[in-house]
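Have a look at the structure below before the remarks.
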Amino acid sequence: MPHKNRDILEILRFELKFLEDGGYGRSPHAPWRAPNVFEDSPSCLNFNDSARPHPCSECLLTQLVPPELRKQEVPCRFIPLNDEGQTVDSLYRHGTQIEVEEALRDWLKREIVRLETEEHREDSERTLLLSGAAHTEPQVPVVKS
């Protein structure tokens with residue numbers, strides 16, 4: 006698995022734990038508003054910095070955003086969360102905080118399983134290649150006289 010995919014997997018695992026531990030509950034610093042998924046997470050490059058000094062293009066989660074939406078101001082809001090095409094952005098507009106969190110939880114679990122499966126498959130292929138190379142008898146050239 007490419008290094009970036011491992012990093013994404015770690016971010017997604019962190020996000021799932023953060024969500025399940027209540028990280029997206031109301032903040033004592035801003036109790037009047039629901040927290041923004043991904044943006045109000047410690048995994049965000051601009052976490053707790055309203056100046057937003059880091060471009061979102063530097064965030065690994067941007068790879069999960071459809072290419073045509075990566076130039077949005079906050080691209081992580083446009084990660085498709087399900088087959089219906091719901092995104093964090095669309096759920097902010099038409100859903101409740103509970104629906105946002107449920108869709109996010111389901112998506113995180115699916116993505117984690119997908120990336121772990123990919124990682125295990127690639128590890129198995131690598132092991133097979135290495136074990137095959139280690140057990141291959143050297144070929145002695147046949148010389149005809």
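Take the sequence shown: its position 119, counting from 1, is numbered 124 in our numbering, and each next residue is one higher. Glycine included, each C-beta is placed from N, C-alpha and C at the ideal position.
In whole angstroms, give me the CA-to-CA distance for residue i and residue j.
| i | j | result |
| --- | --- | --- |
| Pro40 | Tyr29 | 6 Å |
| Glu63 | Val42 | 18 Å |
| Val105 | Leu113 | 12 Å |
| Glu121 | Asn53 | 30 Å |
| His59 | Glu124 | 29 Å |
| Val70 | Ser136 | 37 Å |
| Arg57 | Thr132 | 43 Å |
| Glu88 | Gln68 | The sequence given here has Asp at residue 88, not Glu. Their Cα atoms are separated by approximately 18 Å. |
| Pro36 | Cys49 | 20 Å |
| Pro103 | Ser129 | The sequence given here has Ile at residue 103, not Pro. The straight-line gap from Cα to Cα measures roughly 39 Å. |
Under a Cβ-count criterion, where at least 16 other Cβ atoms within 10 Å of its own Cβ denotes burial, should residue i be classed as buried or exposed?
| i | result |
| --- | --- |
| Val93 | buried |
| Leu134 | exposed |
| Ser55 | exposed |
| Pro80 | buried |
| Ser46 | buried |
Please go through the same chain and pick out, in chain order, the residues whose beta-carbon is closer than 8 Å to the beta-carbon of residue i, but skip the five residues on each side of it.
| i | result |
| --- | --- |
| Ile117 | Leu14, Leu17, Arg18, Leu21 |
| Leu74 | Pro80, Phe83 |
So, for residue i: in the same chain, excluding its five sequence neighbours on each side, which residues have a beta-carbon less than 7 Å away from its beta-carbon?
| i | result |
| --- | --- |
| Arg82 | Thr92, Val93, Asp94 |
| Leu65 | Lys9, Asp12, Ile13, Ile16 |
Do residue j and residue i count as a contact pair if the criterion is CB distance below 8 Å?
| i | j | result |
| --- | --- | --- |
| Leu24 | Arg110 | yes |
Identify, in the order they occur along the chain, each residue of the same chain with its Cβ nearer than 6 Å to the Cβ of residue i, setting aside the five sequence neighbours on each side.
| i | result |
| --- | --- |
| Asn51 | Arg57, His59 |
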